[in-house]
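Numbering (this note's numbering), first residue to last: 1 to 312. First the structure, in the form of structure tokens, and then the observations on it.
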């Protein structure tokens, strides 16, 4: 039997209408929408299926993404009850979905946890002109050196997401990031693009969010892991509550080492399955480790396709 990694994307993978095919065709999906909405006092149908401002607000984006991912995962587990994951992996927010999928936290508790995580992140960034910038076409070391030199000048900029070779996202003060655009380009970057974000993820600006998040994680996370999770911070596997709380607390202020994580597991698994909206991680995986086959489940048709391929 194939060794499979179950993987989950992070913020930025959301889209209006995501999960609607699940909702229209599954009683389980409708029940999960309702229970998740009751938990944090919102109507997820309105947030996800209709054009509105909330889907772009971190405190609602995060639980919406997690909810759709967990519906996709639960429907897959119903279709393939005997298939066990070798490991779980998420990109930023997706690590919380991985924690939920492995059984260490109930999805309703996880919805509340990431809702508050998003709110804590937003609060930590208020009044700090926070932002993020995508750097394309420049090697990691060059980006790291530019950030280190800028920090010596008092600028607040840090590497935040190692997505693939030649694609690294940096975070920090928006004005400081903008001031480095030409520096990145002079060093060889094809693009240095400020992103439409009001938070600075995975950098020291989020330090005020660490303790409140850790308190909530202590409350909701358990030691019930079906299989290990690969940490964004260390690229190493963990499978205990204490490690989850410690590493996900650190994840707020440390970069997401997604590229390094995929390279670390590529020899240990035969394929990966991405759950939730879009094919963000499938696309990254193709460029990081081209021999790692990645499937995705984002609607009922793709669920059926994956079921036929891996569960028969």
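Glycine included, each C-beta is placed from N, C-alpha and C at the ideal position.
- Query: Is the Cβ-Cβ distance between residue 280 and residue 13 less than 7 Å?
  - Reply: yes
- The alpha helix (DSSP H) spanning residue 169 covers which residue range? Residue 169 -> not in any alpha helix (DSSP H); beta strand (DSSP E) instead, spanning 167-173.
- Have a look at residue 289 and residue 141 and give me their C-alpha separation to the nearest angstrom. 20 Å
- Query: Which runs of the alpha helix (DSSP H) spanning at least 4 residues fall entirely within the stretch 227-261, listed in chain order?
  - Reply: 241-251
- Message: So within the stretch 63-139, which uninterrupted alpha helix (DSSP H) runs reach at least 4 residues, ignoring any that extend past its ends?
- Response: 94-101 and 107-125
- Item | DSSP-derived helix/strand/coil call for residue 6 | strand
- Residue interval of the alpha helix (DSSP H) (run including residue 156): Element bounds for residue 156: n/a, residue is neither H nor E.
- Given that a residue counts as buried once 16 or more other Cβ atoms are within 10 Å of its Cβ, and exposed if not, what is residue 16? exposed
- Among 263, 190, 68 and 34, which one has its Cα closest to the Cα of residue 97? 68
- Query: From residue 296 to residue 153, what does the alpha carbon distance come to, in whole angstroms?
  - Reply: Computed Cα separation, rounded: 44 Å.
- Query: Residues bridged to residue 297 by DSSP?
  - Reply: 275
- Message: For the alpha helix (DSSP H) containing residue 28, name the first residue and the last one.
- Response: 27-40
- Counting Cβ pairs closer than 8 Å, one from the stretch 28-39 and one from the stretch 100-115, do we hit at least three? yes
- With a threshold of 16 other CB atoms inside 10 Å of the CB of residue 58, please say whether the residue is buried or exposed. buried
- Message: Between the alpha carbons of residue 234 and residue 95, how many angstroms are there, rounded?
- Response: 13 Å
- With contact counted as at least three CB pairs below 8 Å, one residue from each stretch, are the stretch 100-109 and the stretch 146-160 in contact? no
- Kindly indicate the opening and closing residues of the beta strand (DSSP E) around residue 209. Careful: residue 209 lies outside any beta strand (DSSP E) and carries neither H nor E.
- Message: Which residues does DSSP list as the beta-bridge partners of residue 191?
- Response: 136
- Item | Opening and closing residue of the alpha helix (DSSP H) in which residue 11 lies | Neither: residue 11 is in no alpha helix (DSSP H) and is coded neither H nor E.
- Reducing DSSP to helix, strand and coil, say where residue 57 ends up. coil
- Item | Nearest candidate by alpha-carbon position, reference residue 116, set 63, 264, 19 and 150 | 63
- Message: Measuring straight from C-alpha to C-alpha, what distance separates residue 23 and residue 307?
- Response: When rounded, the distance between both Cα atoms is 19 Å.
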